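Chemist: This is the structure I have questions about; it appears just below.
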Amino acid sequence: MNTDVRQIVLSNGQEILCEVIQWPDLDVDDSEVMIIRKAAKIIIQENFKEGTRWFTFRPFMTYQDDNSSLCSLMPYHIISIGHPSNLLEKQYQKYVSLMIQELEQKQEENSDTLSDFIDTSDYDIDSDADLDNILPFKIDPNKLN
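The sequence shown lines up with residues 0 to 144 when you count with numbering that gives the first Met the number 0.
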């Protein structure tokens, strides 16, 4: 599948790299949005004393690190759109693959079932009672909950 990776400068000065899934057709509907995914903002850091600059990627939106998550972008907040350089696109693809690996690792670590967190031994539960909406959780007093 051919992906449409674009570098976008927003009106607040942020730069993002993303895959454009759907372009808005403003001639038909001026409220239509751009649909993107795998959005990463480019963070520019500089050391003026040494004269060095480096770039890093971060998820564009907080907790939007799942690469299948779609995001809408209002076209009126876009200042410029361009094709990223080959080097930047390769670095972006590496970032995306690292995010996928990290997400898969988190899913494996968090594969606990709900019964691992529910402790009903301390409660006198009547089997005839309808307790579908009650979930007693094990609470570790040594942790901040």
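Using N, Cα and C, we set each Cβ at its ideal position, and we do this for glycine too. Model, not experiment: these values are computed from the prediction.
Would residue 33 and residue 83 be called neighbours here (beta carbons separated by less than 8 Å)?
Modeler: Not in contact: residue 33 and residue 83 (Cβ atoms no closer than 8 Å).
Chemist: Our contact map puts residue 69 next to residue 20 with C-beta atoms below 8 Å; I'd like the distance itself, whole angstroms only.
Modeler: 7 Å
Chemist: Compute the Euclidean distance between the alpha carbons of residue 53 and residue 71, then round it to the nearest angstrom.
Modeler: Rounded to whole angstroms, residue 53 to residue 71 spans 28 Å at the Cα level.
Chemist: Are there 16 or more other CB atoms within 10 angstroms of the CB of residue 27, so buried, or fewer, so exposed?
Modeler: exposed
Chemist: Can you give the beta carbon distance from residue 18 to residue 37, rounded, assuming they're within the 8 Å contact cut?
Modeler: 5 Å
Chemist: May I ask which residues mark the beginning and end of the beta strand (DSSP E) holding residue 72?
Modeler: Its beta strand (DSSP E) spans residues 69-72.
Chemist: Could you tell me which residues DSSP puts in a beta bridge with residue 54?
Modeler: 43
Chemist: Taking the continuous alpha helix (DSSP H) assigned at residue 96, which residues delimit it?
Modeler: 85-108
Chemist: Roughly how many angstroms lie between the CA atoms of residue 56 and residue 1, to the nearest whole one?
Modeler: Between residue 56 and residue 1, the C-alpha separation is close to 22 Å.
Chemist: Which two residues bound the contiguous beta strand (DSSP E) that contains residue 8?
Modeler: Per DSSP, the continuous beta strand (DSSP E) segment holding residue 8 begins and ends at 4-9.
Chemist: With a CB to CB cut of under 6 Å and the five nearest residues on each side skipped, what residues in its chain are close to residue 78?
Modeler: 8 and 10
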